[in-house]
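>
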Amino acid sequence: MVGKVQVPIMLVGNKKDLHMERVITCEEGKALAESWSAAFMESSAKENQGRGWNKNCVNSLRVYGDGAWVMYEEPNYRGRMYIVERGNYRSHTDWQGHSANIQSIRRVANYF
93 MVGKVQVPIM LVGNKKDLHM ERVITCEEGK ALAESWSAAF MESSAKENQG RGWNKNCVNS
153 LRVYGDGAWV MYEEPNYRGR MYIVERGNYR SHTDWQGHSA NIQSIRRVAN YF
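Numbering-wise, my numbering puts 201 at position 109 of the sequence shown, and it's gapless, one number per residue.
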């Protein structure tokens, strides 16, 4: 292959509801995402929300850290759901998806 391949990247800040316990500010997350030429969003499983998600198609995905994420084919956490954990997912078939259509996402809280 010749030239550069542009792969969209999204950085997701977790536990946005714990304002007093933040280690990284929203501004620091945005700055890091910008330095990577990536999109940025914050999420909260407790508040049942993900702010900033404006895409409907995920062609590839890399999950960092511990824990898992649930991706849904429809807005507001509805429709088919797919659980992804740390690793690389080169296409929707890697997470057993029927299509690359993902319209909402949230982190699964670890309780152990």
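No residue lacks a Cβ here, since even glycine has one placed at the ideal position from N, Cα and C.
How about TYR181 and VAL155: are their beta carbons less than 9 Å apart?
The answer is yes: Cβ separation under 9 Å.
> Once you ignore the five residues that flank LEU103 on each side, which residues in its own chain have a CB closer than 6 Å to its CB?
Here the set comprises ALA125, ALA130 and PHE132.
> Taking the alpha-carbon positions, what's the TYR169 to VAL162 distance?
So the alpha carbons of these two residues sit roughly 9 Å apart.
> DSSP three-state call for SER196: helix, strand or coil?
DSSP places SER196 in strand when its eight states are reduced to three.
> Bridge partners of CYS149, per DSSP?
The partner list for CYS149 (beta bridge, DSSP) reads ASN193.
> Could you check if ILE116 is buried or exposed, using at least 16 other CB atoms within 10 Å of its CB as the buried criterion?
Exposed, by the Cβ-count rule.
> According to DSSP, ALA131 sits in a beta bridge with which residue or residues?
Beta-bridge pairing links ALA131 to MET102.
> What residue range does the beta strand (DSSP E) around ARG172 cover?
170–181 is the extent of the beta strand (DSSP E) around ARG172.
> Could you give the distance in angstroms between the alpha-carbon of GLY179 and the alpha-carbon of MET112?
GLY179 and MET112: Cα-Cα distance of roughly 30 Å.
> Please classify ALA48: does DSSP put it in a helix, a strand, or coil?
Look at the range of the chain in this structure, 93 to 204, and you will see that residue 48 is not part of it.
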